[in-house]
Amino acid sequence: VRQLLGEGCLCLHMPPVARFILPNNPFACVPVHQDIQYNAFLGHFLTAWVPLVPIDEVCGGVNVYEGRPDRELNPSDQTNPFWLAQTPPETRPVRSFQMQPGDVLFLDPFILHASAPNLAPNARLSLDYRFFIRRERPQKHFLEVDTMKVFAPHQEAG
Numbered sequence: 607v608r609q610l611l612g613e614g615c616l617c618l619h620m621p622p623v624a625r626f627i628l629p630n631n632p633f634a635c636v637p638v639h640q641d642i643q644y645n646a647f648l649g650h651f652l653t654a655w656v657p658l659v660p661i662d663e664v665c666g667g668v669n670v671y672e673g674r675p676d677r678e679l680n681p682s683d684q685t686n687p688f689w690l691a692q693t694p695p696e697t698r699p700v701r702s703f704q705m706q707p708g709d710v711l712f713l714d715p716f717i718l719h720a721s722a723p724n725l726a727p728n729a730r731l732s733l734d735y736r737f738f739i740r741r742e743r744p745q746k747h748f749l750e751v752d753t754m755k756v757f758a759p760h761q762e763a764g
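Spelled out as structure tokens, the structure:
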């Protein structure tokens, strides 16, 4: 993670997110988006998606659109009251990955991706981690990885 993010104080956005998608749930899809749209306050960061169950074409997972936009794209019109509006992937080819529990998919904040429906008879379970190098005060709680100390947004780290 340090090699991907560069030098500085490695931090983890708190808390990491545990996700579960119920079995046979064709509606459990996060629309196409860039993580920067949900986490702009982190600046440059890296998302680590870790499945806790086998991921295949039935259980679904993360669909990743090829190519990295060089900026934050504008979402389309808002149609879902819960998620941000979908960001059109234009004509980018999409890839899905078969993964095993404990595998890690790293996502740059600008990579377009979406979650797939879970059509399997078992729940899809995963963890999301957001790592960043602290260059300014984050707006949410964070963990300094080296010291294993948790800081509130207004608290001085050091």
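Just so you know, we're using the working numbering here: the sequence shown kicks off at 607 and counts up by one.
Positions of the beta carbon are idealized from the N, C-alpha and C atoms, including for glycine.
Query	Result
contact_flag[the segment 664–672, the segment 743–750] where n(CB pairs < 8 angstroms) is 3 or more	no
Where F748 sits in the DSSP three-state scheme	strand
Straight-line gap, Q704 to R741 (C-alpha atoms, nearest Å)	35 angstroms
Euclidean distance between Cα positions of A729 and Y671	24 angstroms
Cβ-based neighbour list, N557, same chain, cut-off 8 angstroms, excluding 5 preceding and 5 following	Not covered by the structure: residue 557. The range shown for the chain is 607 to 764.
Separation of L616 from R608, as counted between CA atoms	7 angstroms
Delimiting residues of the beta strand (DSSP E) encompassing A701	The question names Ala, but residue 701 is Arg in the sequence shown. Its beta strand (DSSP E) spans residues 700–702.
R557 to P637 span [Cα, whole Å]	Coverage of the chain is limited to positions 607 through 764, which leaves residue 557 absent and any answer about it impossible.
Within 8 angstroms, strictly: CB atoms of R674 and D714	yes
Beta-carbon proximity list for D734, same chain, < 7 angstroms, skipping 5 on both sides	P622, V623, R625, T653, W655
Of the residues F738, F757, P744, the one placed nearest L610, counting alpha carbons only	F738
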